[in-house]
Every structure is written in C-alpha cells, then in structure tokens.
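S.K.:
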Amino acid sequence: MGAGIVGSAIAYELQKRGSQVTLIDANEPGQGASFGNLASIAVTEFMPVSRPSVWRQTPGWVLHPKGPIRVSPGYALLLIPWFARFFWAGRPSKLRQLEATGAILCRRSLADTERLMADLGLSEDLSRTGCLSLYANEAEFAGDRERLDMLDRHGFGYEVLDRNALHDLEPEIAPMIQKAVLLPDNRTVRDPHNVVIRLTEAFIGQGGQIQRGKVTSFECADRITSVTLAEGRRIKADQVVLAAGAHTGRLSKQLGEPIPLETERGYHTQINAPGIHLEHSIIWPAMAFMVSPTAGGIRVGGTVEMAGLDAPPDWRRPKITVKRARKVLPNLHLEETSEWMGHRPAFPDTVPVISASAKVPGVFYATGHGHLGLTHAATTASLMGQLIAGEKPDIDLHPYRVDRF
Ligand SMILES: Cc1cc2nc3c(=O)[nH]c(=O)nc-3n(C[C@H](O)[C@H](O)[C@H](O)COP(=O)(O)OP(=O)(O)OC[C@H]3O[C@@H](n4cnc5c(N)ncnc54)[C@H](O)[C@@H]3O)c2cc1C
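Just so we're aligned: 129 in numbering that gives the first Met the number 0 is position 130 of the sequence shown, and the numbers increase by one with no gaps anywhere.
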C-alpha cells in the first residue's frame, strides 16, 4: 500500500518477479511527498541529521521563525518522545555506525536508479551533471567540513572549486559565492512525479492492478490475510507491504507495531518562467535550501517544519526560501510559480525501515526514507524484492529492521 515512489517501485519489482500485486492508494499515484520533491538523487546526503553539531544549533533554529527547522508550538509537546530518540540516536558512540548505514544505501543508489530509469525508458530524464554546494566565505566552507570529511571516509568523490571555476560552470551564480564543491554523482530527474506515473504504467503493463481506497484496518489470523478499505471493501493478500510514506505509522499501530515515524514537512516553489538556465542543482548548506533544474523550469525548496500530518501548510515558509535563492541567483524571475507542501517520512536516526514485520508474518515495511526517498526508491525496491522472495538480500538488512527502536 502506498503508490508513492517507494511503494510504486516495490510493486513494479514484485510484479516483475512474478508475484500478483495490487497497489492500493487513497489517492491517484504520486500525489504524496513523491510529487514535489527536489528531484535529486542525492547520494552524498547520508549524514545522520542528529549529531552534536546540529544539536548545538537546533535551539537557535527552532526559535527563529525563519530558521531551517521550525517546530509548530501547537505540536511541540507531541514531539518530545521523537526528539528524545533523535538525540539518543546521534550520540557520539553511535554516529559512525549510523553514517555507515546510510553510506551503504547511497553507494549503490545512483546505479540502481540508472537501471530503473533505463527500464522505464527514462534514461534521458536523469541528468549527467552533478550538484554544486555553495559557500559565501571560508567560514561557511569550514562549517561544511564535517560533511566533506564524511565523504572522504566513505570514498565519495567531490571537487573543490574557486570562484572562477564556479563561474565557468554556472555563470548565473552571484559573485558573493566565493567557493563551491562539485558533487558529480548527485544527479536530478526531470520530473519526480512522472517517474511514479511511468512506474505505475509499467507495473500495469506487467499485469499489476491498482485499487483506489484508503486502508483503515487489517485482518490477521496467524498471519496477514487481508486489508480493509475505508468504504468497507476487503482485499485478500498473502503478503502486505506498508509503504504509505509518512502515514505508515498510523497503519503500523493498527497492527500492534508502533514505530517512531514523524513527518518533516517541506515546501517547494516551482518557477516555470525563471528567466535563467541552470545545468547543475545547487545547495547552499548555510541557508539550508536547494535549487534544481526540473521539467518546465526551476524548483526551489528545502527546510524542515515539524507540525504533524494534519496541520495546514504555512505558505510563508516557501517564500522565505525563494528570497534566499534570489541572493545566489539574482536574475531569477518569479513568474508562473506554484507552491507545494509535502510530508517526508522521518525516523529519529535518519535510517529507513526496509524490513519484515517483527509481529505479523506476511507484513513488510518500506518507509522512513526522509530526505532521500527518491534517491533510495530503486535500491529499496530491489532489496524488498529479495526479502519478500526469501532470498539473501545483497546487503545485511539488520540495521534497517523495524524493531530497532
Ligand atoms: C520539499 C521536499 C524535497 C525533497 N527532496 C528530495 C530529493 O531531492 N531527493 C530525494 O531523494 N528525496 C527528496 N524528498 C523526500 C522524498 O520526497 C520522500 O522521501 C519520498 O517521496 C517518500 O516516498 P514514499 O513513497 O515513501 O511516500 P509518499 O510519496 O508520501 O507516498 C505515500 C503514499 O501512501 C498513500 N497512503 C497514505 N496512507 C494511506 C492509506 N491509509 N491507505 C492507502 N494509501 C495511503 C498516500 O496517498 C501516498 O500516495 C523531498 C521531500 C520534500 C517534502
């Protein structure tokens, strides 16, 4: 269940392997977080969010209304257990292990994505150029040293560029940016929503079925037997994969298997007549936003808002990000724009769950990919295919198990 990028990729993989799969979603495919993400296959972004350097900055960020992380005052009390796990997850003795857990997935995610995109006839929709990480001064560059050291530890390549080299690559970037790091393996897809659409089309082409309906409960004897939709309809199943993004926690509770899944809400502004052309995606770590060239223009987004699944969007957030983006892209025109909010599914340790249920035989989970759901969808689908078929997965899935919390 869940026809986002993760659920659709899994459904396609399982159907291709010969299972008879029904993909269930409350909406049309690809209307959740997978609709409007920043389109990046961000293989270098596996640093655990919880770490001492972030803890030190968190109070300032949270209290600043324009900071990169915002906690809604009305939701803050409900977040206490999640934040307790967040701080515990990033304790110094655990940090390197978490980092390695992320690196294992990231090391293969570009190759897996390339394979999937080729399978879908979308190879041309995956960029060949990388991502530029920007720094206005040496202090900002030094502030990002932690991430670059981590890339060195795990053998991920990058190139440090001075102002002139950056200008040669992206002339639209303002002279205030003095330094950059080119991350050549961080690519972008032209249209993340279209990847989901093509996946579901390919899935149907292989004989899969799509059912529209909101899953509200499960029937289990000694194993899962069926799921029930809101209107009362039952769908029989030998195996069920819960891949409902940030909503998966509500469903796992129904199975007696609570998981500490929160939503890190994020926004984008799609600018369809930007008046400039970018070859690379751009991140400015000190300002915590990203700009990606996408189908029909440029997409600006980022930041994190902790306000739960039900609060209405705060449309001031994307406007703050666009204002920052214009500092580095002074010729950016704001014409034909649209704004969007999505729910990243996030565990406190930044590690997704790719796992069989520890409680109910026949149930599996694939969720919590946080900022990297598009990046890891192809890899997750491949691993889930192996897990569900009872094969030995390519990697040890123990660190990604559902009962690790
Ligand atoms: C602003 C922003 C920028 C991002 N940028 C990037 C990026 O550049 N690169 C990257 O890799 N990741 C990025 N992400 C993260 C990425 O978008 C997510 O991790 C990913 O989309 C999660 O996919 P999913 O399939 O798990 O969830 P979703 O896409 O949210 O899909 C879940 C589906 O489950 C369905 N569902 C929920 N409950 C039920 C129910 N009860 N019954 C039936 N169906 C149900 C929903 O309708 C939905 O279709 C970004 C996210 C945001 C918000």
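Glycine residues also receive a C-beta, built at the ideal position from the N, C-alpha and C atoms. Just so it is clear, the structure is predicted and the values come from calculations on it, not from any experiment.
1. Counting only runs that start and end within the segment 159-218, where is the alpha helix (DSSP H) found for 4 or more residues in a row?
2. Nearest CA to the CA of Asp190: which residue from Val53, Glu334, Gly295 and Pro360?
3. Going by other Cβ atoms of all chains shown within 10 Å of its Cβ, with 16 needed for buried, is Val180 buried or exposed?
4. Skipping 5 residues on each side, what residues in its chain have a beta carbon closer than 7 Å to that of Gly361?
5. Please tell me whether, using a cut-off of 7 Å, the distance from the CB of Pro360 to the nearest non-hydrogen atom of ligand 1 is below it.
6. If we define contact as Cβ-Cβ less than 8 Å, is Arg186 a contact residue for chain D?
7. When you compare only the Cα positions, how much space is there between Glu278 and Tyr134?
8. Let me know the secondary structure DSSP gives Gln269 once reduced to three states.
9. Kindly indicate which residue of Leu328, Arg323, Gln269 and Glu256 has the alpha-carbon position closest to the one of Ser356.
10. Report all residues from its chain with a CB closer than 7 Å to the CB of Arg50; omit the five preceding and five following residues, and keep chain order.
11. Excluding five sequence neighbours on each side, which residues of the same chain lie with their C-beta closer than 7 Å to the C-beta of Lys318?
12. Out of Glu261, Leu22 and Ala377, point me to the one whose CA is closest to Arg211's CA.
13. With a 10 Å radius around its C-beta and 16 neighbouring C-beta atoms as the bar for buried, classify Leu260 as buried or exposed.
14. Would you call the segment 141-155 in contact with the segment 211-220, where contact means no fewer than 3 C-beta pairs closer than 8 Å?
15. Within its chain, find whatever has a CB closer than 8 Å to the CB of Ala173; leave out the 5 residues flanking it on each side and keep chain order.
16. Pro67 lies in the alpha helix (DSSP H); which residues open and close that run?
17. From what residue to what residue does the alpha helix (DSSP H) around Val327 run?
18. Which ranges would you report for the beta strand (DSSP E) in the segment 253-302 if only whole runs of at least 3 residues count?
19. Under 7 Å from any heavy atom of ligand 1, does the C-beta of His63 make it?
20. Nearest to Pro28 by alpha carbon, out of Arg343, Ile4, Ile9 and Leu241?
21. Can you have a look at Gln269 and say buried or exposed, based on whether 16 or more other CB atoms are within 10 angstroms of its CB?
22. Verify the contact flag: Arg315, CB atom, against every heavy atom of ligand 1, threshold strictly below 7 Å.
23. If you follow the beta strand (DSSP E) that Glu334 is in, where does it begin and where does it stop?
24. Could you work out which residue in Gly35, Phe288, Phe346 and Leu182 is closest to Ser126 when comparing CA atoms only?
25. Exposed or buried, Met305, counting other C-beta atoms within 10 Å across all chains shown (16 or more means buried)?
26. Please determine, among Phe404, Gly6 and Gln14, the residue with the shortest C-alpha to C-alpha distance to Gly206.
M.R.: In this structure, then:
1. 162-168 and 191-204
2. Gly295
3. buried
4. Within the same chain, Gly361 has close Cβ partners Arg222, Ile223, Asp237, Gln238 and Val239.
5. Of the heavy atoms belonging to ligand 1, none sits nearer than 7 Å to the Cβ of Pro360.
6. Judged by its chain identifiers, the structure shown contains no chain D, having just a single protein chain.
7. 18 Å
8. In the structure shown, Gln269 adopts extended strand secondary structure according to DSSP, grouped into three states.
9. Glu256
10. Gly89 and Leu94
11. none
12. Comparing alpha-carbon positions, the option among Glu261, Leu22 and Ala377 lying closest to Arg211 turns out to be Leu22.
13. buried
14. no
15. Lys326, Val327, Leu328 and Pro329
16. That residue, Pro67, is in no alpha helix (DSSP H); it is neither H nor E in DSSP.
17. Arg315 to Val327 is the span of the alpha helix (DSSP H), which, as asked, contains Val327.
18. 261-272, 280-283 and 288-293
19. No, ligand 1 has no heavy atom inside 7 Å of this Cβ.
20. Checking every option, the nearest Cα to that of Pro28 belongs to Ile4.
21. Buried is the call here.
22. no
23. Element bounds for Glu334: Glu334 to Ala345.
24. Leu182
25. buried
26. Considering only alpha carbons, the answer is Gln14.
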